[in-house]
Amino acid sequence: MTDDAPDWETALLSGGPADGVSVRVQGRPGLVQVTYPCEVDEPRGGMRATAVYVYRREGRPPGPLRYGYDPAAP
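Going letter by letter, the sequence shown gives residues 1 to 74 in the UniProt record's numbering.
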């Protein structure tokens, strides 16, 4: 990592399926996507399905970095 690269920091996810999970982010992105694998019944072999959940950054520094669940995001 170079001196001009942003530092990693811990953020807390609030609400939704990942409520209470801590993640490490770099550069305070506006949103974080959380994915979760889903079971596929048919057709078998090669196909995967993933549920996507979106968390948007809340608050402003100097408080703790938090992301809140956005249930309306596709």
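No residue lacks a Cβ here, since even glycine has one placed at the ideal position from N, Cα and C.
{"Item": "Taking contact to mean at least 3 C-beta pairs separated by less than 8 Å, is the stretch 39 to 46 in contact with the stretch 19 to 30?", "Value": "no"}
{"Item": "For PRO61 and VAL34, what's the separation of their Cα atoms in angstroms?", "Value": "23 Å"}
{"Item": "Return the CA-CA distance between ASP7 and TYR55, expressed in angstroms with no decimal places.", "Value": "20 Å"}
{"Item": "Do you know how far the Cα of ARG66 is from the Cα of ALA73?", "Value": "17 Å"}
{"Item": "Distance check for ARG57 and GLY63, CA to CA, integer angstroms please.", "Value": "12 Å"}
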